[in-house]
Structure formats: structure tokens, C-alpha cells
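**Student:**
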Amino acid sequence: MRALTWHGKHDVRMDTVPDPRLVNPRDAIIRITSTAICGSDLHLYDSYIPSMHRGDILGHEFMGEVVETGLKSTLQKGQRVVVPFVIACGKCFFCEKEQFSACDNSNPAEKADLSEVAYGYAMSGLFGYSHMTGGYAGGQAEYVRVPYSDVGPIVIPDGLEDEKVLFLSDILPTGWMAAENCEIEPGDTVAVWGCGPVGLFSIQSAFLMGAHRVIAIDHYPHRLELAKSMGAEIVNYHDVKVREALTEMTGGIGPDAVIDAVGMESHGFTIDNVLDAVTTTKLGTDRTHVLREVIMACRKGGRVSIPGVYGGMGDKIPIGALMQKGLQVRTGQTHVQRYLRPLLEMIGEGRIDTTFLISHRLPLEQAPEGYKMFKEQQNEVTKVVLKPEWQKDAA
Amino acid sequence: MSSENVERALQSDAPLTAAVHQRDVAKEAADTQGWNAAAVAGRSVTVNRPRAELYAFWRDFRNLAAFMENVESVTSRDEGTAHWVVRAPAGQTVEWDSVITEDVPAQVIAWESVEGADIKNSGRIEFRDAAPGRGAVVTAIIVYEPPGGDFGKLIAKLFQKEPKIQARRELRRFKQLMETGEISTSQAPDAAPRG
Ligand SMILES: NC(=O)c1ccc[n+]([C@@H]2O[C@H](COP(=O)([O-])OP(=O)(O)OC[C@H]3O[C@@H](n4cnc5c(N)ncnc54)[C@H](O)[C@@H]3O)[C@@H](O)[C@H]2O)c1
Ligand SMILES: [Zn+2]
Ligand SMILES: [Zn+2]
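Protein chains in written order, with the numbering used here: chain A, 266 to 660; chain B, 1175 to 1369.
#1: Cutting at 7 Å between CB atoms, please list the residues of its own chain near F534 (chain A), excluding the five before and the five after it.
#2: Would the beta-carbon of Q643 (chain A) be found less than 8 Å away from any heavy atom of ligand 4?
#3: Is T1313 (chain B) close to chain A? Criterion is C-beta to C-beta, closer than 9 Å.
#4: Can we count Q365 (chain A) as close to ligand 3, meaning its CB is less than 8 Å from some heavy atom?
#5: Just the Cα atoms here: how many angstroms apart are A222 (chain A) and R557 (chain A)?
#6: Pull the bridge partners of R568 (chain A) from the DSSP assignment, please.
#7: Below 8 Å, is the gap between the Cβ of G304 (chain A) and the nearest heavy atom of ligand 2?
#8: Regarding S380 (chain A) and ligand 3, is the C-beta to nearest heavy atom distance less than 8 Å?
#9: In the structure shown, what three-state DSSP assignment does H1257 (chain B) receive?
#10: How long is the line joining the alpha carbons of D284 (chain A) and H272 (chain A), rounded to whole angstroms?
#11: Mind checking whether V351 (chain A) and M328 (chain A) have CB atoms under 9 Å apart?
#12: Report yes if the C-beta distance between R1343 (chain B) and N1222 (chain B) is below 9 Å; otherwise report no.
#13: Taking S1176 (chain B) as part of the alpha helix (DSSP H), name the residues at either end of that continuous run.
#14: Would you call A1349 (chain B) buried or exposed, if buried means 16 or more other Cβ atoms sit within 10 Å of its Cβ?
#15: Three or more C-beta pairs under 8 Å: does that hold for the segment 450-459 of chain A against the segment 643-655 of chain A?
#16: Are the C-beta atoms of E1344 (chain B) and some chain A residue less than 9 Å apart?
#17: If you run the structure through DSSP and keep just helix, strand and coil, what is G459 (chain A)?
#18: Spell out whether any CB of chain A is found under 9 Å from the CB atom of R1261 (chain B).
#19: Determine the contact status of M397 (chain A) and S316 (chain A), defining contact as a CB-CB distance below 9 Å.
#20: Going by the C-beta, is S371 (chain A) closer than 8 Å to any heavy atom of ligand 3?
#21: Listed in chain order, which residues of the segment 279-291 of chain A have Cβ atoms closer than 9 Å to some Cβ of chain B?
#22: Excluding sequence positions up to five away, which residues of its chain have a Cβ less than 7 Å from the Cβ of A510 (chain A)?
#23: Less than 9 Å separating the beta-carbons of T1249 (chain B) and R1217 (chain B)?
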């Protein structure tokens, strides 16, 4: 089959690789019909995540048709499913608590050492996201093997086209959980850093959860425009001092909750970015620029929600501000499986629309161009969806 | 003749595998066994299943090859004894017979190798209830005598490299198998990344 593979920094290619096969009883094989490039994929593209091997198949946002099922899969051939990027066994202590991204079993035993060393305990498996999270082949391909297929995939009813439901695989639940982690109360103002897909879905979710106001921060005019169209007030950090703006806009109190939907690749010329440019290697020092800013900006006793991905060590975190103001911090890889059903329902009822986000649709064969665009033209390119069935020149 | 360091570590409510002075722990294990030297690896894992079920699976030694990476086979000629064949580097294998030295249903299984073993070793697996509703805690302690000689050095590469890593991987696989019915893998032939 054809698949997008990683070969190094800013080097991804379309390769012909062996088709996946059923290995375990609970596996299923999915023929991919739509797959997207995620902001998290850019961390791989930029070589921020260690334990990538040449030839690794990327992609963790995908959906498709079930073509093969293991003996213990509950799926049926022909069903259309969206697959969560988090692989979860459904049986361990964490899965029973619905903390699916903490699943104790989905990361193969020999791969789990790395995160046990880095984080104290081994992390769950993820699709297409380095060997630290399992070394599973991803879904930017024609086919993918889905382990524990009786737990993750959600069956999509006929009549809901791919683009309406594809983002259930990651960014929609991620935005939702980011807002949920804000524990929004009536009257609350939520400030969101980053108007990429995760930030935009956080804004949408915050309003659905009853936020009084949402303030969105980015520097790309087009992305800020999208935030505005969803009802957010906007702050362009190129032109405006973010903290002063937020203090003024909230009558001197500060936002009740803050969301870091940027993560470790924040832009801007702060000292740490310069340092990082020199020392970016393996699990290095993350750019914690936005994290520092959200902690400083948050009101006393407020909530800090961090969907943005960090992987290594953080330098100069304002721990004094965190402690003295009594902030609550909530973060994590999204427990996708927990949110699939309610979110699918809301999509069906027309209460959530995700299609506005898609700016580009390309044949899978043009995935390398898709990565380049998503990396270099962030203003216009908000989300790239790849179609394995399309011919190379059909775009 | 326990060392002072070991004595002191025993005053904490933690297992000796967490003691600061692991060399003293190993020496004491060797003294107890009457060996020249000993390597000790221990690890606990919580498994979301009843301990009687976990015990029963482990008690049938033939099952061990299902989740122990280097174990080629464990066969049982008669009740209480087992014959182990373990893969070693360069296509070789090492073998030994073991006898069960302690066996309390749903609580503990212990065994040790008998005369003539390629590697002298003993193992002890304890099964305890975890907090209510959280299954069982399984603790494995493996002690073996690092073999000498050229062949011994080869073997040491396999067993000594990181006995702790080996133990934790094997317990992870045991947990996966008991909880999910399968062992997680991203290896070929699933078109997972090689390398
Ligand atoms: N927790 C999870 O499970 C999960 C899931 C998906 C994505 N993520 C992470 O969420 C983050 C966002 O993902 P995305 O797909 O929206 O990425 P993206 O790269 O498309 O968007 C990031 C946005 O942040 C903006 N930004 C950069 N520096 C900023 C700053 N200093 N202040 C304000 N805005 C700034 C960028 O201009 C960009 O618009 C990434 O770190 C991604 O890895 C986490
Ligand atoms: Zn993603
Ligand atoms: Zn699990």
C-alpha cells in the first residue's frame, strides 16, 4: 500500500510499504477514506519528538471502512468508523476510570520503557506518533491496523459524510476536554492561546459549556478571523501586549480560566526560543513561553487548562505565581473514547460544525506538500484533509 | 550476618529491591543461597483480575513462555518440577530443571533450579489483593547466579544487561495478557515501522 513515512526533519515521503495484517484477536483493519494532518504532526515534522525511526508511518486522525476483523473484534466489515488517536485496551484500571490516554496496556512492553524513564510511568500507545508511544503505524496511509478495535472506533451512521465526523478522532474531543478542564461557571471569561484547530474547537466548546466571553490570542489574521466568527473577542499578540490587554478586557480581574492550545512550539522571539534553536536535540527543553504567559495572566484561584503538547523539561515556570494565586492545572492527552458518543450526537443534531476548519483537501499522494503548506502557511492553511482514494492530480 | 545497610533498608516499609545499596542486597542473596554472587531483580505490577485467577495461570509453568520473551518453553514432567529452555545469544540455549519450594494457592509460588542448572536461579511470585475493586498486586523476585567462563560472559550479556528491564517487560506482558487477552504489539507484519 501507499503511506506517508517519516525520514527526518522536514523530510516526509510517500512510500510503498507492506499492507497491514491482523495480528491479535481484537484487531481490525480499516481502509482509510479520510485522514488529516494535525498540529501534533508538526512536532514530528520539526523533529521535536525523540524515538522516531526512518520509515515510520505517520497519521493519527483518520477514518474509514472496516475491511477485516479479528475473532474478538466487535466491528463488522463494511462499517464506517472514526478511530481515536489514543489506543486503549478498555480493561485496565485507567480504562475503567475512562482515563483512556493513561491506558496501561496499549503500549507494547518493549516500547514502554522509554516513557517510564521519561515520565515515571509508561504512557499509552498512540497511532503514528513515535516509538515512545508504541511505534504503531499511523493512518496517513491506505490501510491501518487498529488494535483493541472493540474499544476505540465509533461507528458512523449513514448520511453523515466524512468531513463532518473525521475530527472526532482527535481535535474535536481535544478542544472539548480543554474546555471541560476549565470547569466553566456562568459569567466566566475564558482566554485561549492559539487559534489552530485545537484552539478553535476549544472556543466552540467553551461557548457550548456556557462561557460568558472567550478571548482568543494568535498572530495569524485569518485564524483570528475564524475565532471571531465563532463569537470570540480577539487579540493579535504582534500588535497588542497580551497580559495588559487581558487585564483591561476583564476589568482588572483576569480571565477565570486560561487554555494553552499552543504547546511546545510557540512562536515569537523570546530568549528560550533562541536557546532552543541551539540545543534542540532529543527530549530537550520545551519552549514554555505560552505556558508562562497563561499562568501569569490567569486570575487568582482560576483554572489552567493545557491541551498543548509538551514532551520534555520546562525551564523557568512561574511556580510562585501558580502557588500564590492558587491555580488549578489540568492537562493531558485527550481521553478521546470518553467523548465520542456525546460529540457525535451533537454533530448529528447540528449543534457542532467542524467542516468550517478544513481549508485544503489533497490526495494522499500529495501529503508531503500538505505538511509543507501546513507548516509554512499557517495563516491560510487551517486544516489539511488527505484522501487516499483521490488520484494524484485530482485536487 | 546481614549488612548494616540492608538492616537499615528493612526499617522502611519498602521492598529490598528499592534499597539504596543494591550491592549489599545482592551479596546477602548470594550468601543465603551459598552462591559466589547473585543478581536480584524484583518488580510489582497491579493486574485488574482476581488473584486466584492470576495464580492459577502462573502455577501452570507451561504458560510462562506465552509472555516471557526469552523463554522458549517450560515443560512439566511431573507435579512440582519443570524444565526450562531459554534462548541465549548466538542461537544457543540454556536449560535447567526447577522444583517448587513453596506453593500457597492464590498467594505465592516459589521455585529454584536443581543441581546441574546452566544458570542457578530461584524465583518467587506473590499475589496479594489490591485495594478493593482494583484486582491484585503481583510481585516477582528473581535471583540468579551470574555464570562464569566464556560461555558465562555470553549469557551474562543476555541476563545481566538489564535484569530489571527484562523483569518489568515480562510483567507488563503478563498484565496485558491477563487483562486484555492479548499481548500488545506493533511489530511486523502489521506494517508498523521497522527499525
Ligand atoms: N492534548 C492532546 O491530546 C492534543 C491533541 C491534539 C493536539 N494537541 C496539541 O495542541 C496544540 C495545538 O494544536 P493545533 O492542531 O491547533 O496546532 P497548530 O500548530 O495548527 O496551531 C497552533 C497555533 O498557535 C499559535 N501560536 C503560536 N505561538 C503563539 C503564542 N505565543 N501565543 C498565541 N498563539 C500562538 C500559532 O500561530 C497557531 O495558530 C499542539 O501543541 C498540538 O500538539 C494536543
Ligand atoms: Zn492530532
Ligand atoms: Zn487500558
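Backbone N, C-alpha and C define an ideal beta-carbon position, used for all residues, glycine too.
**Tutor:** For this structure:
#1: Low per-residue confidence applies at F534 (chain A): pLDDT is 48, beneath 50, and the placement is therefore not dependable, though the value from the model is reported in the following sentence. Here the set comprises nothing.
#2: Although ligand 4 was asked about, the structure shown includes only ligand 1, ligand 2 and ligand 3 as ligands.
#3: For T1313 (chain B), the closest Cβ of chain A is not nearer than 9 Å.
#4: With the sequence shown as reference, residue 365 (chain A) is identified as Phe, and Gln is not the correct amino acid for it. Because some heavy atom of ligand 3 lies under 8 Å away, the Cβ of F365 (chain A) counts as near it: yes.
#5: What is shown of chain A runs 266 to 660, which leaves residue 222 (chain A) out entirely.
#6: In the DSSP output, where bridge partners are listed per residue, R568 (chain A) has A:A522, A:Q593.
#7: Yes, ligand 2 has a heavy atom inside 8 Å of this Cβ.
#8: It does not: the Cβ of S380 (chain A) is nowhere closer than 8 Å to a heavy atom of ligand 3.
#9: Residue state, collapsed to three classes: strand.
#10: D284 (chain A) and H272 (chain A): Cα-Cα distance of roughly 19 Å.
#11: Going by C-beta atoms, V351 (chain A) is not nearer than 9 Å to M328 (chain A).
#12: Contact flag unset, no.
#13: Per DSSP, S1176 (chain B) belongs to no alpha helix (DSSP H) and is neither H nor E.
#14: The sequence given here places Lys at residue 1349 (chain B); Ala does not occur at that position. With 16 or more other Cβ atoms within 10 Å, it is buried.
#15: No: the two stretches stay apart, fewer than three of their Cβ pairs being nearer than 8 Å.
#16: At a cut-off of 9 Å between C-beta atoms, E1344 (chain B) counts as an interface residue with respect to chain A.
#17: Coil at G459 (chain A), not helix or strand.
#18: No, its Cβ sits nowhere closer than 9 Å to a Cβ of chain A.
#19: Yes; because the gap between Cβ atoms is below 9 Å, this pair is in contact.
#20: Using a cutoff of 8 Å, the CB of S371 (chain A) counts as near ligand 3, since one of the ligand's heavy atoms is closer than that.
#21: Residues V282, P283, D284, P285, R286, L287, V288, N289, P290, R291.
#22: Excluding residues within five positions, the ones whose Cβ falls inside 7 Å are V500.
#23: No; because the gap between Cβ atoms is not below 9 Å, this pair is not in contact.
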